[in-house]
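In terms of our numbering, the sequence shown opens at residue 1129 and continues consecutively.
For glycine and all other residues, C-beta sits at the position ideal for the given N, C-alpha and C.
Quantities reported herein were computed from a predicted structural model and do not represent experimental measurements.
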Amino acid sequence: MLVLLSTGMFREALESCCQRFGVELIKVNPAFTSVIGMINYMAKYGLNSGTAAALVIGRRALKLSEKIPKCLLRPEDVNKHDWSHWRRVASFIKLHRIRRTQLFQWRKALEGILTHSLWAEHQQSMQVHIETGDPRNHLQSPMANV
C-alpha cells in the first residue's frame, strides 16, 4: 500500500512539473518493457536492463513497435498480437529463473524456446514420400524413387 502511495505522489509531482514548465507528458503502458529491452537492446548496445527498458518506453511513446526476433516466433503464433509473444518469453524467463545478466547472451539463455521453434520448423519442412510416408532425402533426385 505504501508503494502505491509513493507511486501516486511521484506521478502527481511529475505531472505538476511538466505542466509548470510546458513539457508534454506522454503516458504509455509499461507492459513487457523489461523483457523487450533485455532481448532487443541490452546486449546490442551494452545497456543495463533498466536503461534498456527505458529505451523501450521512449520508443513506445513515439508509437514505434517492438517486434520479437524471428527465431523466437512459433508458426502457430504468427497472427497473434506482439505482446502475446513477449508474454510467452517472459513466462519462460520466469519459469526457468533466468537472471537478467544471463540475457546478455539471450540466444543461449532462451535455448528451450529456440530449440522448440527450430524443431517445429524442421518438422514442417521435412519432405515425405506421398505413398509410403517415409522421409525423403532432400539430396536425392526425384527420379531415384521411380
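Simplified DSSP state of residue i, which is helix, strand or coil
| i | result |
| --- | --- |
| residue 1209 | coil |
| residue 1271 | Confidence in residue 1271 is poor, its pLDDT being 49 and thus under 50, which makes the residue's placement too unreliable to answer from. |
| residue 1142 | helix |
| residue 1151 | coil |
| residue 1202 | coil |
| residue 1157 | coil |
| residue 1226 | coil |
| residue 1196 | coil |
| residue 1134 | helix |
Cβ shell of residue i (< 7 Å), same chain only, five flanking positions each side left out
| i | result |
| --- | --- |
| residue 1161 | 1181, 1184 and 1185 |
| residue 1177 | 1162, 1165, 1166, 1170 and 1228 |
| residue 1225 | none |
Exposure label - residue i; buried when at least 16 CB within 10 Å
| i | result |
| --- | --- |
| residue 1173 | exposed |
| residue 1231 | buried |
| residue 1157 | exposed |
| residue 1168 | buried |
| residue 1148 | exposed |
Whole-angstrom C-beta distance between residue j and residue i, which should lie under 8 Å
| i | j | result |
| --- | --- | --- |
| residue 1238 | residue 1192 | 23 Å between Cβ atoms; not a contact. |
| residue 1153 | residue 1143 | 6 Å |
| residue 1210 | residue 1195 | 6 Å |
N-terminal and C-terminal residue of the alpha helix (DSSP H) that residue i is part of
| i | result |
| --- | --- |
| residue 1178 | 1177-1189 |
| residue 1161 | 1161-1165 |
| residue 1236 | 1234-1237 |
Close Cβ partners of residue i (< 8 Å) along its chain, the five nearest in sequence each way excluded
| i | result |
| --- | --- |
| residue 1205 | 1212, 1213 and 1216 |
| residue 1245 | Residue confidence for residue 1245 is low, a pLDDT of 45 falling below 50, so the modelled location carries little weight; the figure read from the coordinates is stated next. Hits under 8 Å: 1199, 1200, 1201 and 1202. |
| residue 1197 | 1167 and 1168 |
Same chain, Cβ closer than 6 Å to residue i, neighbours up to 5 away in sequence not counted
| i | result |
| --- | --- |
| residue 1247 | A caution first: residue 1247 carries a pLDDT of 37, below 50, which makes its placement in the model unreliable, though a value can still be read off. So the list is empty, once near-sequence residues are dropped. |
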